[in-house]
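Colleague:
Residue numbers (UniProt numbering): 1 to 581.
So, in structure tokens, the structure goes:
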């Protein structure tokens, strides 16, 4: 045991006594009843016993490299030994997730745990035996999930919810996700449960009146509320719940929520009139740094002069109280081939509000995040002309507090992009560029000069071989995190060369650690010889868990690709959200 209470696994020393370790393999979901001991005493169980249990677990893993390099704390040893004793499985899914294991009862999932994320599943019709099993092992479960930072509840039954409400498990939870259920019970119990949590991000999905109301409920006289710690709130619900969830925000003060994301089906169900009412509710309860919604738009006509800004074609009555996550897209009723609809909408708004342009200009100064990724069909939405880009650049130059920019390189094109860069604010910290097949290295050089404070950079579909990991890192002096997705034509050997030591010293073949905190790479699947180089790097380089990960990974957008992660310093949750939101 070393100074930081971690334990190295040694197969040769731990094989002794392996046959003496008896575990009941016939009775799933139960454990042998032992004398009650304090958690601290149980966590200090003899190291040799832990090693015996861990050898059994490690034999279930396919990758010998991970068996050789695994280092776990005493608390993690204790938790994993509990998994073995209860016949739960430890499975090794992909190198991207070093460990993923789940807890079952009578063949059905109860919990999934990987890294710092816990998923609580729907256990249909849980009987008293299930609840008893959970309570009997309450202390052990608490040890297993004490470091959880992300909590995801899927269709959790009220009985299971009661169990997790009864104990203080999740002191470190930063992200809470609730996925909707098909069962009729009062969804508002979730908010009562959330009182014990202090998450920074909260996501409520698939909330519908028919599924959840379960009888009469005096919502507006209840004591439920959104946790005051929430900074990022995402709502995917019908209009009934949207109005009531906004009511849950009644205790929030100005600027306590930084970002609100709302699913578009809210206004699809109710039309413009009710939607306007919801906007007024938003401005009544809190001010926002970012407000994101799929119908938000800013547009230009053919001449590039008249512009329209609004939500569903209407400006909020109090734009000073709300800052929008601008999205360059046209509202669905506009003709995709002409700008007549956009112009007429602008004229209509201008007639209703003579201070429209002034409100828009004022609003720009409050924008922190600008998103320009949306396409109309297969083509960009008409910003290819130089005059339109000039108008766009002029607007961006007014966003003096802009910190995060997300845009498609194709929106302006390679030639015009050189002049567009000049409009970027110097205080920009986070930049994400997509469709970078024609992005050249001199573009990045100019960006680094105009925006020297960039800390996080994300590039997708990079095709130019002149752009390498090492050159990007050298160019951006304040860079902390980098994510690069390389195109099909990019040579995998060039990628490996940027992260491996090639000199003739004793470190030859080891990982070349970047000076930044983390590098995340996506590329085509490597050939066998390239995979062997990566495996050797992992074998001979001393490192901690999660610092070097590679393997196939299935992405929801791009399907199966190969991912390499090199982290000199493990990045926390908030940093990941900023880069890859």
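The C-beta atom is built at its ideal place from N, Cα and C for all residues, glycine as well. A quick note: this is a predicted structure, and the numbers were derived from the prediction, not measured.
Quick one: is residue 520 buried, meaning 16 or more other Cβ sit within 10 Å of its Cβ, or exposed?
Modeller: That one is buried.
Colleague: Report the partner residues of residue 202 according to the DSSP bridge assignment.
Modeller: In DSSP, residue 202 forms a bridge with 176 and 233.
Colleague: Would you report the Cα separation of residue 105 and residue 179, rounded to the nearest angstrom?
Modeller: For residue 105 and residue 179, the distance between alpha carbons rounds to 22 Å.
Colleague: Do residue 118 and residue 151 come within 9 Å of each other at the CB atom, strictly closer than that value?
Modeller: In contact: residue 151 and residue 118 (Cβ atoms closer than 9 Å).
Colleague: For residue 26 and residue 548, I'd like the C-alpha separation in whole angstroms.
Modeller: Any reading at residue 26 must be qualified, since the residue scores a pLDDT of 38, below 50, and its modelled position is unreliable; no value is offered.
Colleague: Suppose the cutoff is 7 Å on Cβ atoms and the five residues either side in sequence are ignored; what does the same chain contact list for residue 197 look like?
Modeller: Cβ within range, chain order: 170, 173, 176 and 227.
Colleague: Please report the residue range of the alpha helix (DSSP H) in which residue 613 lies.
Modeller: Not covered by the structure: residue 613. The range shown for the chain is 1 to 581.
Colleague: To the nearest angstrom, how far is it from the Cα of residue 447 to the Cα of residue 440?
Modeller: Near 11 Å, if we compare the C-alpha coordinates of residue 440 and residue 447.
Colleague: Out of curiosity, what's the CA-to-CA distance linking residue 524 and residue 453?
Modeller: Approximately 31 Å, taken between the alpha carbons.
Colleague: Could you compute how far the alpha carbon of residue 421 sits from the alpha carbon of residue 542?
Modeller: Distance between the alpha carbons of residue 421 and residue 542: 41 Å.
Colleague: Alpha carbon to alpha carbon, how far is residue 488 from residue 425?
Modeller: The alpha-carbon atoms of residue 488 and residue 425 are separated by roughly 33 Å.
Colleague: Report the rounded CA-to-CA distance for residue 468 versus residue 495, giving the unit in angstroms.
Modeller: For residue 468 and residue 495, the distance between alpha carbons rounds to 7 Å.
Colleague: Quick one, which of 459, 528, 537 and 561 has its alpha-carbon nearest residue 482's?
Modeller: Comparing Cα positions, the closest option is 459.
Colleague: Ignore the nearest five residues each way along the sequence and tell me which others in residue 121's own chain have a CB closer than 6 Å to its CB.
Modeller: Hits under 6 Å: 109 and 154.
Colleague: Can residue 492 and residue 537 be called in contact, C-beta distance under 9 Å?
Modeller: No, the Cβ-Cβ distance between residue 492 and residue 537 is not below 9 Å.
Colleague: What did DSSP end up calling residue 503 once you bin it into helix, strand or coil?
Modeller: Of the three classes helix, strand and coil, the one that applies to residue 503 here is coil, per DSSP.
Colleague: State buried or exposed for residue 126, treating a residue as buried only when at least 16 other CB atoms are found within 10 Å of its CB.
Modeller: By the 10 Å Cβ count, residue 126 comes out buried.
Colleague: Which runs of the alpha helix (DSSP H), 4 residues or longer, sit entirely within the region 385 to 464?
Modeller: Those alpha helix (DSSP H) runs which fall completely within the region 385 to 464 and span 4+ residues are 386 to 397, 413 to 420 and 441 to 450.
Colleague: What separation, rounded to the nearest whole angstrom, lies between the Cα atoms of residue 457 and residue 130?
Modeller: Each residue's Cα considered, the two are about 47 Å apart.
Colleague: According to the Cβ coordinates, are residue 511 and residue 462 closer than 9 Å?
Modeller: Taking 9 Å as the Cβ cut-off, residue 511 and residue 462 do not qualify as a contacting pair.
Colleague: With respect to the beta strand (DSSP E) encompassing residue 486, which residues constitute its N-terminal and C-terminal limits?
Modeller: First-last of the beta strand (DSSP E) with residue 486: 481 to 486.
Colleague: Quick check on this structure: which residue in 490, 139 and 562 has the alpha carbon closest to the alpha carbon of residue 522?
Modeller: Of 490, 139 and 562, the residue nearest in Cα terms is 562.
Colleague: Could you pull the DSSP bridge partners for residue 561 from this structure?
Modeller: Answer is 553.
Colleague: What does the alpha-carbon distance come out to for the pair residue 471 and residue 411?
Modeller: Answer to the nearest angstrom: the Cα atoms are 25 Å apart.
Colleague: Is residue 147 near the ligand COA, going by C-beta to nearest heavy atom under 8 Å?
Modeller: Annotation note on the ligand COA: not contained in the displayed structure, which lists no ligands.
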